[in-house]
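First residue of the sequence shown: 81, per my numbering; consecutive thereafter.
Everything below concerns the one structure shown next.
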Amino acid sequence: MPKVTFIEHDGTEHEIDAESDRSVMQAATDNLVPGIDGDCGGECSCATCHVIVSEEWTAKVGGPGDTEISLLDLAPEREEKSRLSCQIIMSDEFDGLVVHLPEFQM
Ligand code: FES
81 MPKVTFIEHD
91 GTEHEIDAES
101 DRSVMQAATD
111 NLVPGIDGDC
121 GGECSCATCH
131 VIVSEEWTAK
141 VGGPGDTEIS
151 LLDLAPEREE
161 KSRLSCQIIM
171 SDEFDGLVVH
181 LPEFQM
């Protein structure tokens, strides 16, 4: 099972076993990672699943789609490497993925 690590703004780390073909948001909510609410259930319409992808993973994960960009534009603490975690689908290729949580989402 691929692993994903969520790092809270205070440095607290949560390493999670994520099921392939499910989103990073679902891995977080299934495991009660604080700061990822996923209010819209992954429909790309709430931005409560905002994460900042770690530097070493940004190229592999890729950038946001058009709808995602419109939502991220409204998100506090948007950064260049921001993504909505419901739009990142886990696979073995992403084993070891590291994402950071914005300070606003606690
Ligand atoms: S869960 Fe709502 S935009 Fe990701």
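Just so it is clear, CB atoms sit at the ideal spot from N, CA and C, and this is done for glycine as well.
query	result
Report all residues from its chain with a CB closer than 6 Å to the CB of alanine 155; omit the five preceding and five following residues, and keep chain order.	Ala127 and His130
Any chance you could list the alpha helix (DSSP H) runs of at least 4 consecutive residues sitting entirely within the stretch 91-166, in chain order?	104-110, 138-141 and 146-152
Taking 8 Å as the threshold, find out whether the stretch 133-148 comes into contact with the stretch 168-180 through three or more Cβ pairs.	yes
Please confirm whether any heavy atom of the ligand FES lies closer than 7 Å to the CB of aspartate 90.	no
Along the chain, where does the beta strand (DSSP E) that runs through leucine 177 open and close?	177-180
Leaving out the 5 sequence neighbours to the left and right, which residues in its chain are closer than 8 Å to serine 171 when beta-carbon positions are compared?	Pro82, Ser100 and Asp101
May I ask you to list the residues that DSSP assigns as paired with phenylalanine 86?	His94 and Val179
Under 7 Å: does the beta carbon of threonine 128 sit that close to some heavy atom of the ligand FES?	yes
Starting from isoleucine 169, follow its DSSP beta bridges and name the residues at the other end.	Ser103
What separation, rounded to the nearest whole angstrom, lies between the Cα atoms of asparagine 111 and glycine 91?	18 Å
Please list, in chain order, all residues of the same chain as lysine 161 whose beta carbon is under 8 Å from its beta carbon, the five residues on each side excluded.	Ile132, Val133, Ser134, Glu135 and Thr138
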